[in-house]
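Sequential numbering from -1 applies to the sequence shown in my numbering.
Accompanying notes for the structure given below.
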Amino acid sequence: MAPFSMEFSGKPNGHFEDHDLYSHDDADDEFEHHHFNNDSDDDLSKSYNSTHFSTTEDRFIKDHDLKVKTFEALHSNHQNGNSVQEGFHVGQPSSPVATPIKRRQSIIDLPQTHHSTSHYRPLPSIAPQNNSSAQNPSANVHAMPEEYPSEELIELYENVKFCLDLRHKYLGASLQIDEMVNPKNKEGWIIYPPPPKPTYKSKNKFNQLPDAVYEAEEEFDFEKCKIPGPQEGYEFRLNAEDVYQVFDKTTGKPLVEVPNLHDYYADLNSIIKFSSDGPTKSFAFKRLQYLEAKWNMYSLLNDFEENKKSKRNPHRDFYNVRKVDTHIHHSACMNQKHLLRFIKYKLKTSPDEQVIFRDGKILTLDEVFKSLKLTAYDLSIDTLDMHAHTDSFHRFDKFNLKYNPIGESRLREIFLKTDNYINGRYLAELTKQVFDDLEGSKYQMTELRISIYGRNIDEWDKLAAWIVDNKLFSHNTRWLIQVPRLYDLYKKNGNVKNFNDILKNLFQPLYEVTLNPQSHPKLHVFLQRVIGFDSVDDESKPERPLQSKRYPVAGQWDIATNPPYSYYLYYLYANMTPLNRLRERLNFNTFVLRPHCGEAGDPEHLISAFLTSHSISHGILLRKIPFIQYLYYLDQIGLAMSPLSNNALFLTYDKNPFHNFFKKGLNVSLSTDDPLQFSYTKEPLIEEYSVAAQIYKLSGVDMCELAYNSVRQSGWEASIKKHWLGKKYYLGGIAGHDIEKTNVPDIRVSYREDTLKSELQLVDFYTNLKIKE
Ligand SMILES: [Zn+2]
């Protein structure tokens, strides 16, 4: 029984007619007025204006009001139709006297029959009759495609399908769609050193653990790694587009067709055109509003039930479900206090160690601090000055300087670089301490981003040697490679002649090591722990306007100007695609693209990522482009969001769309970005969850769902994800769900699944109408 149905049953049913949530005229109006001007950030959820409350209070009251309205609206809708789905409540009739709502029949939802029979495809002319006779005679009052759907509506859905198909083409070519295609997710993939054994296996029938027999964990030993020999059957070279291509020597054919630069920009432009088209925008906006309203309805009616289910679930709670920090930078992965302690410790224990080469001489740590006129005693968080809270808002340049302890690039060089005079030994020690903390917490994992700049062809080997020699392997950590978009800088300094030089430095070693692992043995071992690539830098930097037809290929990009975001993404994508194909054939793990995207700057970045990338970090600008947001929803593209980081840099916490996205059902997870700059505690990820829980009033179930999302978005091997989420997690939805592992009740999972399915079925339904004609 719906817990709140009693409370509302006394209210007159007709009173909301004026404010009917689905009255499209209303929504249109509101949409026109608030339409995505740059200052207003919560236009998507604004349903009326209130001037008397502060933003937070206002939002809270609005939220509540919306819930009540939704409840009432759907409530009397459902008196005429049967929409109670199995497993969770969507509505309960409260009074036998029904007052049908006066509204235009529209695409709220498909009737129930569509959920069960996917072959059900009524012709437009018979659709309503079919619908009414299908399950219950009164169903024609609501929730049905229009009797004769307008050409316009069909076209809108065709646009949606066109965009989704494009994305699938790009992702399919680069093996980023189905994670089970990746050899590391297949049966028999060996993780060395092996992950620790689950300790709760040996419970006896009284639920007690016998005296635990802990096996000592195996330590990483490079000698024990098997390095395969050279592969003769393939060769790689640059094609006319300055993209690496792999050829099968026997057939002489390339392994995969990669869309060329021109096609890519043509595809990009066609999506941009849809996205800026007025009717398409309002269409997507309404679908998104509907998703939010549906969530409000669901959460209103199922709160209690959800809590009951998770209480009944033994052992699991928020603290012992696995959560992955899906977006965190390695050089900022420790908190400030940790770094401070480490610097003091080094200054006390090894002041005479030679650490840096500056101005023609080698300096010891002591000398460095003398030159700064500082002693160990003077050092505090305040002198370190690495927190970014008040002075860095909309100043990414200032934020970048925050990476320098005490504002001194010398200290960054000594303590936070892998490739320095001491070969990154200090950073390795710090990293190990971070690993120890993580392993101690057991349930927290990080996907650390570490830089390859592309200035020099040795960078990969140096990085791999740093990882392998310092044994930086942890069961709680995997790596992503971040590529800073700094061509203009390297060009100015004379490091590179043209853009293609960067790509060569980035990808040539990867092709070499794939064809012959023995040519770079340490890189081969390191790559087994690498998930994919990231593209980083200040997105708010101005870019050349998109005169895409005139963009030269990488080898001819030798001007001083930095290429635009979309250009960087294309070349990362295009070079990664044949590499993935080759690695898949040779049974090595493949990579995905997970760039920083939509944090600031041009919202069109999000469209480039839509075409090329597995998932993204940030995505807060999706709030300004509803059509693209709707596409991100439909394809469940992962968003690793960091509201605390945004709060310091680009968007204040109360305006962050994180919670709004979560309600609509976008695939969001929480991540820390830079604990060094933003966190106060020893457990930055928990801090991130905790602040979100307080501000947005997230329930325990919400928190567990976010943790569940983070594991699904992450790049851990399937054998480990099975242990964390359940044996069949890869099936997704309710079929792959195991509450004992995730602590998310089944009703929540099936609500998300059914909602998504019915949106996708609408796409199918309308696009098939056209075909039948
Ligand atoms: Zn970041």
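Beta carbons are placed, not taken as given, at the ideal position from N, Cα and C, and that holds for glycine.
Residues of its chain near residue i, where Cβ-Cβ distance is below 6 Å and the 5 sequence neighbours each way are ignored
i    : result
V761 : Y155, V158 and K159
Y764 : I152 and Y155
G8   : With a pLDDT of 37 at G8, under the threshold of 50, the modelled position of that residue is not reliable, and no figure is offered here.
E457 : I450
F656 : M639 and P641
I269 : C161 and I605
K199 : The predicted model places K199 with a pLDDT of 49, which falls under 50 and marks its position as unreliable, so this point remains unresolved.
H473 : P193
Y706 : T740 and V742
E437 : N474
Those residues which DSSP pairs with residue i across a bridge
i    : result
F245 : E233 and P252
R447 : H327 and L478
S615 : H594 and A638
F355 : I360
S533 : V481
Q174 : Note: Q174 sits in no beta bridge, so no partner.
K321 : Q442
V528 : W477
Check: residue i C-beta below 7 Å from any heavy atom of ligand 1
i    : result
D671 : yes
H772 : Here the chain covers residues -1 to 771 and nothing more, so residue 772 does not appear.
S613 : no
H392 : no
H721 : no
H336 : no
H327 : yes
Close-in-space but distant-in-sequence residues of the same chain around residue i (CB under 8 Å, 5 per side omitted)
i    : result
I614 : R592, P593, H594, C595, G596, L604, A607, I635, G636, L637 and A638
I360 : Q352, I354 and Y419
L162 : L629, L632, D633 and V761
L470 : A426, T429, K430, F433 and W464
E445 : V322, D323, T324, H325, I326, T475, R476, W477, L478, I529, S712 and G713
E582 : L173, V179, N180, P181 and T588
G231 : D246, K247 and T248
I225 : P515, Q516, P519, H522 and V523
Nonlocal neighbours in the same chain, by C-beta distance under 7 Å from residue i, ignoring five residues either side
i    : result
Y377 : Going by the sequence as given, residue 377 is Leu instead of Tyr. Excluding positions up to five away in sequence, the list reads L338, I341 and K342.
N578 : S172, L173, T588 and F589
C223 : Y190 and V523
L521 : W458, D459, A462, P507 and V511
K662 : L286, L289, E290, W293 and Y631
L363 : K344, L345, S348, P349, E351 and V353
D556 : K495 and N496
Q526 : N587
K726 : A733 and G734
Minimum Cβ-Cβ distance from residue i to chain B less than 8 Å
i    : result
V551 : Looking at the structure shown, chain B is missing, and only one protein chain is on hand.
Flag this pair as touching only if the segment 406 to 413 and the segment 282 to 289 have three or more C-beta atom pairs under 8 Å; answer yes or no.
In the pairwise beta carbon analysis, the segment 406 to 413 is classified as not touching the segment 282 to 289: fewer than three pairs are separated by under 8 Å.
Go through the segment 392 to 435 residue by residue and report every complete run of the alpha helix (DSSP H) that reaches 4 residues or more, in order.
Runs of alpha helix (DSSP H) with 4 or more residues, each lying fully within the segment 392 to 435, are found at 394 to 399 and 407 to 413, listed in chain order.
Using 8 Å as the threshold, is the segment 557 to 575 in touch with the segment 482 to 499, meaning 3 or more CB pairs across them?
yes
If you scan the segment 653 to 714 from start to end, which runs of the alpha helix (DSSP H) of 4 or more residues do you find wholly inside it?
Runs of the alpha helix (DSSP H) inside the segment 653 to 714: 656 to 662, 673 to 676, 682 to 694 and 698 to 711.
Under 8 Å, with one C-beta from each stretch per pair, do the segment 423 to 435 and the segment 513 to 527 reach the 3-pair mark?
Judged by Cβ distances under 8 Å, the segment 423 to 435 makes no contact with the segment 513 to 527, as fewer than three pairs qualify.
Does the segment 720 to 734 come close enough to the segment 267 to 277 to have 3 or more Cβ pairs within less than 8 Å?
no
Would you check if there are 3 or more beta carbon pairs closer than 8 Å linking the segment 312 to 328 to the segment 694 to 713?
yes
So, do the segment 679 to 688 and the segment 301 to 311 have three or more beta carbon pairs nearer to each other than 8 Å?
no
What are the start and end residues of each continuous beta strand (DSSP E) run of 3 or more residues lying completely inside the segment 556 to 583, in chain order?
none
Secondary structure, alpha helix (DSSP H): runs of 4+ residues fully inside the segment 252 to 325
259 to 274 and 276 to 310
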